[in-house]
Structures are given as structure tokens and as C-alpha cells.
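K.L.:
One structure coming up, written as C-alpha cells, with questions to follow.
There are 2 protein chains.
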Amino acid sequence: MSKTILLIAKNIKRLREVKKLSQKEICAGSGVPQGQYSRIENGKVEPSVSTLEKLAKVFEVSIAEFFKSSDVNDVLNLPLLEKIKMIDKLGKEEKQALFKMIDIAIANKRLKDNLSELLTS
Amino acid sequence: MSKTILLIAKNIKRLREVKKLSQKEICAGSGVPQGQYSRIENGKVEPSVSTLEKLAKVFEVSIAEFFKSSDVNDVLNLPLLEKIKMIDKLGKEEKQALFKMIDIAIANKRLKDNLSELLTS
DNA sequence: TGCAAATATATATTAAAATGCATATACATT
DNA sequence: AATGTATATGCATTTTAATATATATTTGCA
Numbered sequence: 001m002s003k004t005i006l007l008i009a010k011n012i013k014r015l016r017e018v019k020k021l022s023q024k025e026i027c028a029g030s031g032v033p034q035g036q037y038s039r040i041e042n043g044k045v046e047p048s049v050s051t052l053e054k055l056a057k058v059f060e061v062s063i064a065e066f067f068k069s070s071d072v073n074d075v076l077n078l079p080l081l082e083k084i085k086m087i088d089k090l091g092k093e094e095k096q097a098l099f100k101m102i103d104i105a106i107a108n109k110r111l112k113d114n115l116s117e118l119l120t121s
Numbered sequence: 001m002s003k004t005i006l007l008i009a010k011n012i013k014r015l016r017e018v019k020k021l022s023q024k025e026i027c028a029g030s031g032v033p034q035g036q037y038s039r040i041e042n043g044k045v046e047p048s049v050s051t052l053e054k055l056a057k058v059f060e061v062s063i064a065e066f067f068k069s070s071d072v073n074d075v076l077n078l079p080l081l082e083k084i085k086m087i088d089k090l091g092k093e094e095k096q097a098l099f100k101m102i103d104i105a106i107a108n109k110r111l112k113d114n115l116s117e118l119l120t121s
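Residue numbers (the working numbering), protein chains in the order written: chain U, 1 to 121; chain D, 1 to 121.
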């Protein structure tokens with residue numbers, strides 16, 4: 001079972017519960033048959049993009065929402081570039097604190113490099 | 001033609017160009033046949049989630065990236081990019097320490113976001 | 001221009017999701 | 001317990017992406 005379809009399933013179910021709507025209502029609004037919708041919420045199928053599109057509409061979110069994880073472990077596995085993008089969205093305080101540490105680490109590295117350069121020359 | 005599959009197409013193509021890789025290379029890395037990949041980049045098909053999963057892996061992004069309208073995406077500031085490159089050159093210890101802090105900050109943010117989402121519903 | 005690599009397209013086959021429909025199971029309320 | 005509502009599952013059919021393979025077309029460069 002793909003991790004992703006379980007993630008989608010969980011997110012969709014959560015969104016429905018937040019809205020306090022029945023499957024029947026979601027299906028009326030989206031055009032997705034109830035049977036199929038149930039299978040999606042339970043991770044029994046891999047919903048197609050067009051199905052996700054219909055659902056995103058009734059939930060009033062972007063499809064990207066379906067793929068977001070709130071799991072810390074998943075954050076850990078994000079490639080560096082993704083992490084940096086996340087940093088950009090942090091609050092001012094956290095962002096600045098992080099930048100300072102990064103700067104210190106980098107400066108530290110430079111110092112070390114310069115020293116060893118001096119020693120080997 | 002669905003707006004979404006054109007968006008996916010554009011994002012995937014852009015990501016490949018950023019990495020300066022050929023379709024052949026992407027396909028070797030992902031296992032997606034070149035013919036199919038071409039159709040995806042041109043919005044001729046609706047890629048399945050598992051296909052997107054494979055591609056996200058070689059591009060080193062989360063699947064959610066494929067669904068973001070690119071303008072939101074490209075506001076990453078340059079000084080930040082420089083820092084990323086520097087981080088990459090740090091020693092193992094420093095790098096890991098930094099990552100840990102970044103992870104904590106991000107996870108913290110997500111937690112906050114989820115909580116406020118629950119509260120506003 | 002002409003060659004070679006990269007990309008797009010064609011076709012037939014396979015696999016899996018979508019659908020309609022029926023029905024089973026779970027869940028709650030009286 | 002009985003009734004109604006919500007959710008899950010079963011099944012046959014249709015639709016469409018995935019695949020393998022081959023080939024056409026475009027593009028870049030000597």
C-alpha cells in the first residue's frame with residue numbers, strides 16, 4: 001500500500017469531518033459516487049487527478065492540500081530545498097533565529113577552512 | 001482539458017529544466033517510460049498518483065509541488081539559496097545539528113497550523 | 001546541409017480506476 | 001429490538017492510464 005494514497009485518504013477524511021458533512025453530501029456536491037468515495041477514504045484505490053479535482057472543489061482547498069503531511073517524520077525526509085521553502089513560511093522570530101545559526105555554522109566552517117589552508121601551505 | 005493536468009505538466013517540465021536533465025535521464029531514474037513521460041509533460045494524459053510519486057522522487061520534491069501554481073513558488077529569495085549551498089558544504093555534525101533545528105521549527109509551525117485550523121471550524 | 005540526440009507520436013495490450021447498481025454492515029435514535 | 005441513516009463492499013462494465021515497442025518529428029550542432 002502506497003504511503004501517498006493513505007495520506008490522501010486521511011486528509012480527505014479529515015477535511016470532511018472538519019466540515020461535518022456526510023459522504024452523501026460530498027458526493028452530491030462533487031459528482032463522485034458514494035461507493036467510490038468510500039473506497040477513497042479508506043485507501044482502497046488510487047484516486048485519479050480529476051477525482052481529486054472534484055473533491056478539492058467541494059472542500060474548497062487546493063489539491064496540494066491532499067498531499068500535505070503533518071507528520072514530523074515526513075518533514076525529516078523532505079529534501080533540503082523543500083525545508084528551505086518551509087523556513088520561508090515561518091514566523092519572523094523563528095526565521096531569524098534559524099538564519100543566525102546557519103550563519104554561525106557557515107562562518108565557523110570558513111574559519112576552519114582558512115586555518116587548514118594556512119597549515120597546509 | 002483540465003486546468004490541473006496542464007499545471008502539473010508545466011511544473012514537471014520546469015523542474016526538469018531546472019535540473020537540466022533529459023527526459024531519458026528522468027525516466028531512467030523514475031522508471032516511467034519515455035513515451036509516457038513525454039505525454040505527461042505535454043498534458044496529453046492525467047498521470048496517476050503513483051506515477052507522480054515516482055517523479056517526485058527523482059525531482060526531490062513533495063508531490064504537492066506539482067499542484068502549486070508556479071508564481072507562488074518562485075518567490076524564494078536568493079540570499080537563501082546561497083545559504084543552502086553553504087549548508088551543503090558543512091561538516092556532518094554541523095549539518096545535522098542545523099537540520100534538527102530546522103525540522104523542529106517546521107514541525108512546530110505545522111502543529112500550530114493544524115491547531116488553529118481545528119479551532120476555526 | 002546532414003547527422004545524432006532528444007522529444008513526440010502511433011498502436012496494441014494490460015492493468016486499474018470509475019461507474020451504476022445492489023446489498024451488506026455499522027451506527028445511532030427512539 | 002426496530003427503524004432509519006450512513007458507510008462499506010461486491011460485481012459487471014466502461015474508460016483510461018501504463019506499458020512495450022516502434023517510428024516519426026524536432027532540435028542542436030559540426
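Ideal Cβ positions, reconstructed from N, Cα and C, are used throughout, including at glycine.
Source: prediction; values computed, not measured.
Determine the contact status of SER62(D) and GLU82(U), defining contact as a CB-CB distance below 8 Å.
P.N.:
Yes, they are a contact pair.
K.L.:
Among LYS68(U), ALA9(U) and LYS85(U), which residue has its Cα nearest to the Cα of LYS44(U)?
P.N.:
Measuring from the Cα of LYS44(U), the nearest candidate turns out to be ALA9(U).
K.L.:
Determine whether the beta carbon atoms of PHE67(U) and ALA64(D) lie at a separation below 8 Å.
P.N.:
Closer than 8 Å, so yes.
K.L.:
Please report the residue range of the alpha helix (DSSP H) in which LEU52(D) lies.
P.N.:
Taken as a continuous stretch (DSSP letters only), the alpha helix (DSSP H) holding LEU52(D) covers 49 to 59.
K.L.:
CA-CA distance, TYR37(D) and VAL18(U)?
P.N.:
TYR37(D) and VAL18(U): Cα-Cα distance of roughly 37 Å.
K.L.:
Answer with yes or no whether the minimum CB distance from PHE12(U) to chain D is below 8 Å.
P.N.:
Just to set this straight, residue 12(U) is Ile in the shown sequence, not Phe. No, no contact with chain D.
K.L.:
Counting only beta-carbon separations shorter than 8 Å, does ILE5(U) have a partner in chain D?
P.N.:
Output row for ILE5(U): interface = yes.
K.L.:
Using a Cβ cut-off of 7 Å, pull out every chain D residue sitting near ASN42(U), in sequence order please.
P.N.:
Result: empty, since nearest Cβ-Cβ is about 15 Å, beyond 7 Å.
K.L.:
Starting from the beta carbon of LEU90(U), find every residue of chain D whose beta carbon is closer than 9 Å, and list them in chain order.
P.N.:
Those within 9 Å of LEU90(U) in chain D are ALA105, ILE106, ASN108 and LYS109.
K.L.:
Using a Cβ-Cβ cut-off of 7 Å (strictly less than) and excluding sequence neighbours within five positions of VAL32(D), which residues of its own chain qualify?
P.N.:
Excluding residues within five positions, the ones whose Cβ falls inside 7 Å are THR51, LYS54 and LEU55.
K.L.:
By the DSSP assignment, the alpha helix (DSSP H) with GLU41(U) in it spans what residues?
P.N.:
Where GLU41(U) is concerned, the enclosing alpha helix (DSSP H) stretches over 34 to 41.
K.L.:
Using 8 Å as the threshold, is the C-beta distance between ILE26(D) and ARG16(D) below it?
P.N.:
Going by C-beta atoms, ILE26(D) is nearer than 8 Å to ARG16(D).
K.L.:
Using the beta-carbon of each residue, which ones in chain U are nearer than 9 Å to VAL58(D)?
P.N.:
The premise fails here: VAL58(D) is roughly 11 Å from chain U at the closest Cβ pair, so nothing lies under 9 Å.
K.L.:
Taking the alpha carbon of ILE106(D) as the reference point, which residue from LYS92(U), GLU41(U) and LEU115(U) has its own alpha carbon closest?
P.N.:
Nearest C-alpha to ILE106(D): LYS92(U).
K.L.:
Can you list the residues of chain D that LYS83(U) reaches, using a CB-CB cut of under 8 Å?
P.N.:
Chain D residues near LYS83(U): PHE99, ILE102, ASP103 and ILE106.
K.L.:
At a CB-CB cut-off below 7 Å, which residues of chain D make contact with ALA64(U)?
P.N.:
Correct list: ALA64, PHE67 and LYS68.
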